[in-house]
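Asker:
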Amino acid sequence: MSVLLHLSPRLRAIISSPRRVLGIAHASSSTALPVLTLYTKDPCSLCDQAKARLQPFQGQFHLQEVDITAPENAHWFELYRYEIPVFHFQDQFLCQNRIDTDLLKRALAQYAAQPNECQS
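Under this note's numbering, the final residue of the sequence shown carries the number 159; numbering is consecutive throughout.
(1) Using three-state DSSP, classify Q88 as helix, strand or coil.
(2) DSSP state of L93, grouped into three classes?
(3) Taking the alpha-carbon positions, what's the T79 to V125 distance?
(4) Just curious, the alpha helix (DSSP H) that E117 is in, first and last residue?
(5) Check D130 in the structure and name its three-state DSSP category.
(6) Should the segment 136-155 be regarded as contacting the segment 89-101, the criterion being three or more beta carbon pairs within less than 8 angstroms?
(7) Can you check which of these residues, Q94, V74, E117, is closest to E104 by C-alpha distance?
(8) Start and end of the alpha helix (DSSP H) containing Q103?
(9) Thinking C-alpha only, which one of H114, C134, A152, A113 is nearest I123?
(10) T76: buried (16+ other C-beta within 10 angstroms of its C-beta) or exposed?
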């Protein structure tokens, strides 16, 4: 994705590494909806604004919020403490600092176009 080109090489490497975090719920394999993960903390006014911008997409994905200040999420705190809100779509970096709704629309369209045995 072209968005990754704006990140430092270190940040790109960390984002690309497998997820090794406890306490992050994922959608079950039986669901047809993709997972949009929001890395956030409380309070976060930018995160609240981003969630409000997601309202038109309600029902098109499962929103998982990860509190980066939780002890089990120390890795994400180190990575994103100055960047939230950060969004991952299906465990892949999507955008940071604000929700890019055009990018989200494209990700949702690509997801819907993929053949998926779980979708019926």
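Every residue gets a Cβ at the ideal spot worked out from N, C-alpha and C, and that includes glycine. Since we're looking at a predicted model, the values are computed, not measured.
Answerer: Judging by the given coordinates:
(1) The count along the sequence shown starts at 1 and reaches residue 88 at position 49. Q88 falls in the helix class under three-state DSSP.
(2) On the sequence shown, residue 93 is found 54 positions in, with the first residue counted as 1. L93 falls in the coil class under three-state DSSP.
(3) Taking the first residue of the sequence shown as position 1, residue 79 is located at position 40. Taking the first residue of the sequence shown as position 1, residue 125 is located at position 86. Those two C-alpha atoms are separated by around 7 angstroms.
(4) On the sequence shown, position 78 is the one that residue 117 refers to. Note, E117: alpha helix (DSSP H), 113-119.
(5) For the purposes of this step, residue 130 is identified with residue 91 of the sequence shown, where counting begins at 1. Three-state result, D130: coil.
(6) In short, these stretches touch, since the Cβ pair count reaches three.
(7) By 1-based counting over the sequence shown, the position of residue 104 is 65. Of the candidates Q94, V74, E117, the one whose C-alpha sits nearest the C-alpha of E104 is V74.
(8) By 1-based counting over the sequence shown, the position of residue 103 is 64. Element bounds for Q103: not the alpha helix (DSSP H) but the beta strand (DSSP E), 101-106.
(9) For the purposes of this step, residue 123 is taken as residue 84 along the sequence shown, with counting starting at 1. Nearest of H114, C134, A152, A113 to I123, Cα basis: C134.
(10) Along the sequence shown, read from residue 1 onward, the residue named residue 76 stands at position 37. By the 10 Å Cβ count, T76 comes out buried.
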